[in-house]
Amino acid sequence: IKEMLASFSEDQLLDIARDRTAQVKTFILGMSMPLSRSYTFNADITSSIVGLNYSDTTHNETLSFRWNYRIPLTQKIRLNPRVSIAERNNDDDTSQSILGIAFKMDYRWDRRTSFEFELSSESSDKTLVSGQEKNDIFYINLGYHHNF
2 IKEMLASFSE
12 DQLLDIARDR
22 TAQVKTFILG
32 MSMPLSRSYT
42 FNADITSSIV
52 GLNYSDTTHN
62 ETLSFRWNYR
72 IPLTQKIRLN
82 PRVSIAERNN
92 DDDTSQSILG
102 IAFKMDYRWD
112 RRTSFEFELS
122 SESSDKTLVS
132 GQEKNDIFYI
142 NLGYHHNF
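Throughout, the numbering used here is defined as the position within the sequence shown, counted from one, plus 1.
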C-alpha cells in the first residue's frame, strides 16, 4: 500500500478498491406446509452464493462463474455443493476452460469439534499453439476442526 500511495491518493486507492470488490448477495428461502394436525414440514434454503467475475489483464482475459450452496440438513449436518466454471483466453492464442465440481459435508460433533468430508474434481482443457491438453483431477479430503 505504501508503494501505491506514492502513485495514487488515498481517495483514488479507495475508489480502486471499491471498483475491484465483488458484490455478493445472499438469500434465504423458507417453506412451511402442514402435513397433518400434529405435524408440519419445514424447509429452509440458506446462503446460496453466485459469483461472476470478468478480468482483462495484460496477457489474458478471463470469465468465471461460481456457485456455492449451503444446505443445513440438521443442526449437526450441513451439505455444501459447489460449481465453478472459468474460460481464459491468452494473448498468445492459447486458451483454457476449467470446470470444478465439489461436494462437502460438515458434521458438528459438539460445540468445539467438527468433522468434514469433501469430494471434488477439476477438469481442464487447454488449447495450445501445438495442440490440445486435457487434465482431470479428483480429490478426497477428510478433516477435523477442534477449537481450544
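Each residue gets a CB set at the ideal place from its N, CA and C atoms; glycine is no exception.
Please list, in chain order, all residues of the same chain as residue i whose beta carbon is under 6 Å from its beta carbon, the five residues on each side excluded.
i, result
"E119", "K105, N142"
"Y140", "S121"
"I138", "E123"
"W68", "V51, V84"
What residue does the alpha helix (DSSP H) around residue i start on, and which one ends it?
i, result
"I17", "11-21"
Let me know the secondary structure DSSP gives residue i once reduced to three states.
i, result
"K3", "helix"
"L36", "coil"
"Q76", "coil"
"N148", "coil"
"V84", "strand"
"S8", "coil"
Suppose the cutoff is 8 Å on Cβ atoms and the five residues either side in sequence are ignored; what does the same chain contact list for residue i look like?
i, result
"L74", "L80"
"Q133", "D126, K127"
"S96", "E88, R89, N90, K127, T128"
"L6", "L14"
Going by the DSSP bridge assignment, what does residue i pair with across the sheet?
i, result
"S124", "L100, D137"
"T63", "S56, R89"
"R109", "S115"
"V51", "W68"
Verify the CB distance criterion: does residue i have a CB-CB separation below 8 Å to chain C?
i, result
"D107", "Chain labels in this structure do not include chain C; a single protein chain is all it has."
Q. Does the stretch 72-80 come close enough to the stretch 89-101 to have 3 or more Cβ pairs within less than 8 Å?
A. no
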